[in-house]
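Take our numbering: the last position of the sequence shown gets the number 498, and nothing is skipped along the way. Okay, structure first, notes after.
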Amino acid sequence: MFQINPLPESAFSHLYGLPDDELALRNIQVHVSDGGAPCRVSLTDLAEGQRVFLLNFEHQPGETPYRSRHAIYVGDGALENRPAPGVVPPSIASRLLSVRAFNAEHEIVDADVIDGSEVTGLISTFLGNAEVDYLHLHFAKRGCFAAKVTRAGA
Numbered sequence: 345m346f347q348i349n350p351l352p353e354s355a356f357s358h359l360y361g362l363p364d365d366e367l368a369l370r371n372i373q374v375h376v377s378d379g380g381a382p383c384r385v386s387l388t389d390l391a392e393g394q395r396v397f398l399l400n401f402e403h404q405p406g407e408t409p410y411r412s413r414h415a416i417y418v419g420d421g422a423l424e425n426r427p428a429p430g431v432v433p434p435s436i437a438s439r440l441l442s443v444r445a446f447n448a449e450h451e452i453v454d455a456d457v458i459d460g461s462e463v464t465g466l467i468s469t470f471l472g473n474a475e476v477d478y479l480h481l482h483f484a485k486r487g488c489f490a491a492k493v494t495r496a497g498a
């Protein structure tokens, strides 16, 4: 069984409600959601008209050649939402995904691209490999980090 993990609300809550000019000083763009902005904290597509931050986030901090950061969306005021074990939220299941399997040394062991509606089987296959420690899901079209996947209870 697997667990999809949102980014922690605490990593972004200090930004909630800040004026646009203050956010711009931190290299954070403010947008208005068109209904298709996937928030990495709530793991939902933000409602049309909702204020959303576009910011750079280091999702792979391991000291390896795979260290990485990329743009992500976070809804202004987003509340952390952890799906039940084995559940892929619609904001992830509705998109083409790049799935990257990492070992404990933060190096890629395996990877594939798959429709989000079919990702459950691939997650189980990758996590069935004892060499795999965790997975990263990315939205394949733009390459943005979507969520970390761990074994449930880990």
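A virtual CB, placed ideally from N, CA and C, is assigned to each residue, including glycine.
Contact under 7 Å by Cβ, residue i with residue j
| i | j | result |
| --- | --- | --- |
| S377 | E366 | no |
| P429 | L387 | no |
| H450 | G406 | yes |
| S435 | D389 | yes |
| A484 | V453 | no |
| L290 | R384 | Lying before the first or after the last residue shown, residue 290 is absent from the chain, which here runs from 345 to 498. |
As assigned by DSSP and simplified to three states, the class of residue i
| i | result |
| --- | --- |
| V431 | coil |
| G393 | coil |
| L367 | helix |
| S412 | strand |
| H450 | coil |
| F356 | coil |
| A437 | helix |
| E424 | coil |
| G379 | coil |
| G361 | coil |
| G460 | helix |
Assumed close pair residue i, residue j - CB separation to whole angstroms, cut-off 8 Å
| i | j | result |
| --- | --- | --- |
| L399 | I416 | 6 Å |
| F489 | H403 | 4 Å |
| G419 | V396 | 5 Å |
| F401 | R411 | At roughly 13 Å, the Cβ-Cβ gap does not stay under 8 Å, so F401 and R411 are not in contact. |
| R426 | N349 | 7 Å |
| Y478 | V463 | With 8 Å as the limit, Y478 and V463 do not qualify as a contact, their Cβ atoms being about 15 Å apart. |
Which listed residue (the options) has its alpha carbon closest to that of residue i
| i | options | result |
| --- | --- | --- |
| A381 | H480, R439, R426 and A474 | R439 |
| E475 | G419, L351 and R495 | R495 |
| Q394 | F356, H375, G472 and P405 | H375 |
| A422 | Q347, A491, G465 and S357 | S357 |
| A448 | Q347, H480 and N371 | H480 |
| V431 | G472, S468 and N371 | S468 |
| E424 | T408, P363, G465 and A491 | A491 |
Residue range of the beta strand (DSSP E) that includes residue i
| i | result |
| --- | --- |
| T494 | C488 to R495 |
| L481 | Y478 to F483 |
| C349 | Sequence check: residue 349 is Asn here, not Cys. Per DSSP, N349 belongs to the beta strand (DSSP E) from F346 to N349. |
Alpha helix (DSSP H) segment containing residue i, residue limits
| i | result |
| --- | --- |
| I372 | Looking at the DSSP string, I372 is not in any alpha helix (DSSP H), and its letter there is neither H nor E. |
| L466 | V463 to L471 |
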